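Residue numbers (the working numbering), protein chains in the order written: chain P, 1 to 325; chain G, 326 to 690; chain W, 691 to 1015. From the three backbone atoms N, C-alpha and C, an ideal C-beta is built for every residue, glycine too. These numbers were taken from a predicted model, which means no experiment stands behind them.
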Amino acid sequence: MAELTYRDAVAAGIAQEMARDESVVFLGEDIGAAGGVFKTTLGLLERFGPRRVRDTPISEQAIIGAAMGAAMTGLRPIAEIMFSDFFAVCWDMIANEIAKTRYMTAGQIALPLVIRTANGYGSRFGAQHSQSVENWAMAIPGLKVVAPSTPLDVKGLLAAAVRDPDPVIFFEHKGLYSTKGEVPDGEIVDRLGTAKVVRQGEDVTIVALAAMVPKSLQAAERLAAEDGISATVVDVRSLVPLDTKTIFEEVRKTGRLYTVEENPRLCGWGAEIASLVAEECFYDLDGPIVRITTPHVPLPAADLLEDNAVPTVDRIVETVRRNAG
Amino acid sequence: MDVVMPQLGETVKEGTVIAWRKKVGERVEKDEPLFEVNTDKVDMDVPSPATGVVSAILVAEGATVRVGEKLAVISEPGSQATREPGVQETRLSPVVRKLLAEHGLDAAAIQGTGAGGRITRDDVLAHLAERGAPQRKVVPFSRIRKVTAERMALSWRTIPHVLQAVEVDFLPVEEVRLAAAEAWKAKEGFNLTLLPFVAHAVCAAIREFPNVNASVEGDGLVLHGAVHLGVAVDLGTEGLLVPVVKDAGNLGVADLARRMRGLAEKARDKRLSADEVSGATYTISNSGKFGTLLTAPIIDPPQVAILSLDAVTKRPAVVGDALAVRPIGVLAQSFDHRAFDGAYSASFLRRVKEILEGRDWARDL
Amino acid sequence: MDRATRLALYRSLVEIRVLEKRAYDLFLQNLVKGTSHLSLGQEAVAAGFAVAMRKDDYTFCTYRGHAHTLARGAPMVGVLGELMGRKCGLMGGKGGSMHLTSVEHGAMGSYAIVGAHLPVAAGAAWSAQVRGTDQVSVCFFGDGTTNIGAFHEALNLAAVWKLPVIFVCENNQYMEYTPIREVTAVANPAADRACAYGLEKILIDGNDADVVHRTARECIGKARDGGGPSLVEALTYRTSGHSRADPGKYRPAGELDDWLKKDPVVLYRVRLVGMGIEENALRDIERAVERAVDEATEAAKACPPSGVEVIEKDVWADGGSSWRN
């Protein structure tokens, strides 16, 4: 067992898979010689060499296109897009080409690739470098979508993503890169499509993703201490495939659902979960489903503004408190 | 937040709402005009006291209200409080509706502990838990049950009970009873049962076996002579009442039937007098309608015996050397072994049997 | 060039010509729905390269891809079946005319978003480089593609990484309905940009099958030997409109007639006769092709339409489309 940072877990996960399978290759901007702008890929070029670890020009379309071409011809590429906001620059490659090609070719073309990216708020880089765009990916059929919240989940889910035969978009949260967690030694492979109950409660169910998970846990502690409200917290982890079984089970136990989403208000990932619960767990609900989200605005840059735009522990506590009973 | 009619002048006592500027459900900002009011001094737009959503308008355009009266309610935006504060929350959530329907419950019967008195899922579940689950529940004794319990326990503690039983062929009785049944019912208004026949036979047998109709007092047996026959009436879970047919030994079958019927009705209506439930010297208990084979009844002190009549059913019987089908029933007597012994009791029972099987009952009706 | 190669070239030209004409007829009979982009007049580019390629080389082309897919050996019934939405289509009706794919024949897809497949072709070439095979990737696109971002990114990456990919611009003079010269900063949209990537300017007569074939052999050979990418501009003309919906009224008077005089199929036949190839041999090829196209047409017509059961198939490698448990 070791304590790893979230960023170290990224490198460890990639290394684990590249060591295991010769066909795994890795490309992106500044990922090799520099070890990644977030220092998430240190040591990989040294260990696996320039044939399998490539630094690219600033060419998002070429990076993703090359990953696609390599994936369909026998390799298992991992491509990095430095900031998830840049998906907009190569969205054709992701949404039109990679997501749809297996379907259009009736299964002739296989695309076992992973696109990993730094997602989310907290670095004070401003609106174009701070978005959470996992909901964009969730909305496109043909993409699997994962967003871990702990170093253990990073390593395990990255391994699962690389071994998955389908395209997986792997959303790392840049605000969590410095967080630490226990990661057992040895090979770790998790499963896509599985959520985790990280806190078991009785009164309300809070469903959260990535950086919103630790906030929800803090809020749960305060709700227990200050209001006597016992909260379950579910870390969704995987948006596609979605672990509806676990989510429904936990909602049915309490009858109340809150989602905590970093996405702006409209069409965040929680809207889909709220809709599914409203449809399939309607008769188990003891109160309205409430979504706690960033308002529908771009993210501001100043630290106080950015921190208060996304859901805060205070806002989660107040919202649950206000809607209790 | 409540919106009230403002005081628009020192002497102004009331105002007329000319027009509402916002509708129910519309958002309003603090200080935005909410309604126009007319008083004898002035016409003006009244600004909203808060930012939120107009959740209720209580006064129509054109109405005149006194200063301070509530006109409308503004609720916080984004909260679920779209009901007037102070008005009981009567909306039922989906899970509450489902539970009410599943268990046939009335919402009115359930105490709501949620916001605004809302009935929550836990409220319904708590109600169900109290109501009738196979859980421990305390049902206090009724007065009759209490008395019955005390007397039964006392009897069992103090009297050495012995049980003896005989099988009786009720054909002779049944032939007469059934023949007379229709006419009896028409005349008397109730059914003629086996019980008065048994009672008459018991009273007759007691004349030959008086110790059965006695009480133990100190070191002696007090023979009562007259038979005051207790007839147990089952009141369901409430207990037993044993009204007494006074001087039963001098009554014929028909009179016994009438007296027993009368007392039973009074018992069920709780109209028995103290006199009517005391002084029994011998008791008969009838479990027949429940189909039991045999009962070991508990003696009612200070009596020394009690007889149980159980179900009379058609069974194969040997008559002479042939097999026949006869209505057979078991008479079982519990007796106090301090008063007499098995032989005495058995002889008594044999006599009762003989009377039941041998008497010409037609002459009794 | 030996006789066998020339006959192979001629056969390929005739196959493309006859099949594309048949596709046009079927469209008029309303058996081909949607749209179709035909290569009538541009046969020599497809034929010239296909005959020069190895079975394990990769072809990437645009939505005007019937010719390339056919030239690599994909079955005619599969091509016509796909156009008509039948079960026997190359992709079972899932992709349609613009996405013809036959991985088995190295036809790695026809791509409908302008420029998208250039990085993908580069990626396939990179894959060959990583795996250490000497496969090459040949990427066909139109003159309009040279002005889109992905063109630049792919060319640059291919040049920097010295990838074994040949980019072939079929300059048919028109970007959809607009003359290419009116929207391009240089006279030869591909050839004049090669120097931007340190590549040789290669401008050829795209209607001369021999010239195309020779150029193909040179560029493919260079790539196989590790010499890196090439950018070829082949001048040609499409004798039908941009797509079936286009009657081509934007062409100046006489332009079409001039180009019809340079019909690649007719020209090549004349040359072969001039070289002493027997009339019989040529007629045998023509008749065989006619017969093959007729048979394929009847077979495709007789085939049932694709069933609705395939609608939810082949999003993922497991053949399904499930996004939840």
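Q.
Closer than 8 Å between beta carbons: that is the criterion. Which residues of the region 271-286 of chain P meet it against chain G?
A. F282, Y283, D284, L285 and D286
Q.
Short of 7 Å Cβ to Cβ, which residues in the region 432-447 of chain G face chain P?
A. G439, A440, R443, T445 and R446
Q) Shortest alpha-carbon distance to L618(G) belongs to which of R651(G), L581(G), A657(G) and K595(G)? A) The count along the second sequence starts at 1 and reaches residue 618(G) at position 293. Of the candidates R651(G), L581(G), A657(G) and K595(G), the one whose C-alpha sits nearest the C-alpha of L618(G) is A657(G).
Q) To which residues of the same chain is A811(W) closer than 6 Å at the C-beta, ignoring the five residues directly before and after it? A) In the third sequence, the residue the question calls residue 811(W) occupies position 121. So the qualifying residues of the chain are F750, S827, C829 and V855.
Q. Nearest to E280(P) by CA position, among F86(P), P295(P), K174(P) and I247(P), is which residue?
A. Here residue 280(P) corresponds to residue number 280 of the first sequence, with the count starting at 1. Of F86(P), P295(P), K174(P) and I247(P), the residue nearest in Cα terms is I247(P).
Q) Which residue's Cα is closest to the Cα of K338(G): H549(G), T364(G), A579(G) and D494(G)? A) Sequence index remark: in the second sequence, residue 338(G) carries index 13 (1-based). When only C-alpha atoms are compared, the closest one is T364(G).
Q: Scan the region 894-912 of chain W for residues whose Cβ lies nearer than 7 Å to a Cβ of chain P and list them as they occur along the chain.
A: none
(Q) Could you give the first and the last residue of the continuous beta strand (DSSP E) run that contains I631(G)? (A) Position 306 of the second sequence, counting from 1, holds the residue named residue 631(G). From DSSP, the beta strand (DSSP E) with I631(G) extends over A630 to V644.
Q. Is the closest heavy atom of the ligand COA to the C-beta of W1006(W) under 7 Å?
A. For the ligand COA, the structure offers nothing, since it holds no ligand at all.
Q | Identity of the residues DSSP links to S540(G) by a beta bridge | A | Here the question's residue 540(G) lines up with position 215 in the second sequence. In DSSP, S540(G) forms a bridge with V547(G).
**Q.** S726(W) - DSSP class collapsed to helix/strand/coil
**A.** Residue numbering aside, residue 726(W) sits at position 36 when the third sequence is read from its first letter. DSSP places S726(W) in coil when its eight states are reduced to three.
(Q) Buried or exposed, going by whether 16 or more other CB atoms sit within 10 Å of the CB of A992(W)? (A) Position 302 of the third sequence, counted from the first residue, corresponds to residue 992(W). It is exposed - the Cβ of A992(W) has fewer than 16 other Cβ atoms within 10 Å.
Q.
Using a Cβ-Cβ cutoff of 9 Å, what residues of the region 36-53 of chain P are near chain W? List them in chain order.
A. R51 and R52
Q. Which residues share a DSSP beta bridge with V353(G)?
A. By one-based count along the second sequence, residue 353(G) stands at place 28. DSSP, once it has assigned bridges, lists G377(G) as partnering V353(G).
**Q.** Nearest-angstrom beta carbon gap, P112(P) and D164(P) [assumed within contact, 8 Å]
**A.** Translated into the one-based positions of the first sequence, residue 164(P) becomes position 164. Translated into the one-based positions of the first sequence, residue 112(P) becomes position 112. The pair is a contact, with the Cβ atoms about 7 Å apart (cut-off 8 Å).
Q) Who are the neighbours of N135(P) on chain W, taking C-beta pairs under 8 Å? A) As a position in the first sequence, residue 135(P) is number 135, starting the count at 1. Those do not exist, as N135(P) stays about 14 Å from chain W at its closest Cβ, beyond 8 Å.
Q: Verify the CB distance criterion: does K423(G) have a CB-CB separation below 8 Å to chain P?
A: Locating residue 423(G) in the second sequence gives position 98, where the first residue counts as 1. Output row for K423(G): interface = yes.
Q) If you draw a straight line from the alpha carbon of F515(G) to that of L674(G), how long is it in whole angstroms? A) Start at 1 with the first residue of the second sequence, and residue 515(G) comes out as number 190. Start at 1 with the first residue of the second sequence, and residue 674(G) comes out as number 349. Using only the alpha carbons, I get a separation of about 29 Å.
Q: Could you confirm whether any beta carbon from chain W is found closer than 8 Å to the beta carbon of D190(P)?
A: Here residue 190(P) refers to the residue found at position 190 when the first sequence is read from its first residue. It does not; no Cβ of chain W falls within 8 Å.
Q | Proximity of G564(G) and S633(G) at Cβ, strictly below 8 Å | A | Along the second sequence, one-based indexing puts residue 564(G) at 239. Along the second sequence, one-based indexing puts residue 633(G) at 308. Against a cut-off of 8 Å, the Cβ pair of S633(G) and G564(G) comes out as no contact.
(Q) Report the CB separation of E866(W) from G834(W) in whole angstroms; it is logged as a contact under 8 Å. (A) The count along the third sequence starts at 1 and reaches residue 866(W) at position 176. The count along the third sequence starts at 1 and reaches residue 834(W) at position 144. Indeed, because the Cβ distance is near 7 Å, the residues count as touching under 8 Å.
Q. Using the beta-carbon of each residue, which ones in chain W are nearer than 7 Å to T101(P)?
A. Here residue 101(P) refers to the residue found at position 101 when the first sequence is read from its first residue. Neighbours of T101(P) on chain W, chain order: G799.
Q: Could you pull out every residue in the same chain whose Cβ sits closer than 6 Å to the Cβ of V858(W), ignoring the five residues on either side in sequence?
A: Stepping through the third sequence from its first residue, residue 858(W) is reached at position 168. Excluding residues within five positions, the ones whose Cβ falls inside 6 Å are F830 and V922.
(Q) With DSSP as the reference, identify every bridge partner of G555(G), one or two as the case may be. (A) Position 230 of the second sequence holds residue 555(G). DSSP output for G555(G) lists V569(G) and T608(G) as bridge partner(s).
Q) Is the distance from the Cβ of A761(W) to the Cβ of I803(W) below 8 Å? A) Walking along the third sequence from the start, residue 761(W) turns up at place 71. Walking along the third sequence from the start, residue 803(W) turns up at place 113. Cβ atoms of A761(W) and I803(W): not closer than 8 Å.
Q) My guess is that A1007(W) and D190(P) are in contact by the Cβ rule of under 8 Å, so how many angstroms apart are they, rounded? A) Position 317 of the third sequence, counted from the start, is the residue given in the question as residue 1007(W). Position 190 of the first sequence, counted from the start, is the residue given in the question as residue 190(P). That belief does not hold up - the Cβ atoms of A1007(W) and D190(P) are roughly 18 Å apart, past 8 Å.
Q: Name the residue from Y887(W), A913(W), N897(W) and K723(W) whose alpha carbon lies nearest to the alpha carbon of R959(W).
A: To locate residue 959(W), count along the third sequence from 1; it is residue 269. Measuring from the Cα of R959(W), the nearest candidate turns out to be N897(W).
Q.
Please tell me whether N96(P) has its Cβ less than 8 Å away from any Cβ of chain W.
A. As a first step, residue 96(P) is located in the first sequence; it is residue number 96 there, counting from the start. Yes - at least one Cβ of chain W is within 8 Å of the one on N96(P).
Q.
Between which two residues does the alpha helix (DSSP H) holding F522(G) run?
A. For the purposes of this step, residue 522(G) is taken as the residue at position 197 of the second sequence. L520 to E533 is the extent of the alpha helix (DSSP H) around F522(G).
Q) Hey, quick one: how far does the beta strand (DSSP E) through Q658(G) stretch, first residue to last? A) Reading the second sequence from its first residue, position 333 is the one you call residue 658(G). Segment A647 to D661, the beta strand (DSSP E) holding Q658(G).
Q: Look at S659(G) and L488(G) and say whether their C-beta atoms are less than 8 Å apart.
A: Stepping through the second sequence from its first residue, residue 659(G) is reached at position 334. Stepping through the second sequence from its first residue, residue 488(G) is reached at position 163. Yes, the Cβ-Cβ distance between S659(G) and L488(G) is below 8 Å.
Q | Cβ distance (whole Å) where A524(G) is taken to contact I609(G) below 8 Å | A | For the purposes of this step, residue 524(G) is identified with residue 199 of the second sequence, where counting begins at 1. For the purposes of this step, residue 609(G) is identified with residue 284 of the second sequence, where counting begins at 1. Yes, they are in contact, since the Cβ atoms of A524(G) and I609(G) sit about 6 Å apart, within 8 Å.
Q. Do we get a CB-CB distance below 8 Å when we pair V367(G) with the residues of chain P?
A. The sequence position of residue 367(G) within the second sequence is 42, counting from 1. No, because no Cβ of chain P sits closer than 8 Å to the Cβ of V367(G).
Q: Could you tell me if K196(P) is buried or exposed, where buried requires 16 or more neighbouring beta carbons within 10 angstroms of its beta carbon?
A: As a working note, residue 196(P) is residue 196 in the first sequence. It is buried - the Cβ of K196(P) has at least 16 other Cβ atoms within 10 Å.
(Q) Measuring CB atoms only, is the region 95-111 of chain P touching the region 227-239 of chain P, in the sense that at least three cross pairs come out at less than 8 Å? (A) no
Q) How would you label M82(P), buried or exposed, when you count the other beta carbons within 10 angstroms and need 16 or more for buried? A) For the purposes of this step, residue 82(P) is identified with residue 82 of the first sequence, where counting begins at 1. The residue is buried, with at least 16 neighbouring Cβ atoms inside 10 Å.
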